[in-house]
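Heads up: the structure comes next, in structure tokens.
Here it is in structure tokens:
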């Protein structure tokens, strides 16, 4: 398998905006993405989201490095985690909860399905 390089992730062109799957109130956040899915159960890419609240739907383990913006992630049954540009986060499998995006958020991510 060859290496995956995402150059200039802070400027990388992303898809057209689409609303999140499970918004919580108004405004409904919209996301844009550039992703690379590999055959070994790993997906990587750049993800961006406009301000608003929504439920996390990804059940796989995910590593994120935030390059822009700020937000809070509150895991179900847990304490809020404040996140800002420059922070990195590892979410274990089945980490469900609420994202509250305060400033447009951009992150690079790796999702591990296996």
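Residue numbers (UniProt numbering): 1 to 114.
Backbone N, C-alpha and C fix where the C-beta goes; we use that ideal spot for every residue, glycine too.
Outcome for residue 107 when other beta-carbon atoms lying within 10 angstroms are tallied against a minimum of 16: With 16 or more other Cβ atoms within 10 Å, it is buried.
Buried or exposed by the 16-neighbour rule on C-beta atoms within 10 Å, applied to residue 96: Here residue 96 is exposed, its C-beta having fewer than 16 other C-beta atoms within 10 Å.
With burial defined as no fewer than 16 other Cβ atoms inside 10 Å of the residue's Cβ, what is the status of residue 38: buried or exposed? It is exposed - the Cβ of residue 38 has fewer than 16 other Cβ atoms within 10 Å.
Quick check: the Cα distance between residue 66 and residue 20, rounded to an integer number of angstroms? Spanning the two alpha carbons is a distance of roughly 18 Å.
Rounded to the nearest angstrom, how far is the Cβ of residue 15 from that of residue 34, given a contact under 8 Å? 7 Å between Cβ atoms; contact.
Coarse secondary structure for residue 30, derived from DSSP in three states: Residue 30: strand per DSSP, three-state reduction.
So residue 109 and residue 44 are supposed to be a Cβ contact under 8 Å. How far apart are they, rounded? Going by Cβ atoms, the distance from residue 109 to residue 44 rounds to 7 Å, so yes, they are a contact pair.
Between the CA atoms of residue 3 and residue 100 - distance to the nearest angstrom: So the alpha carbons of these two residues sit roughly 33 Å apart.
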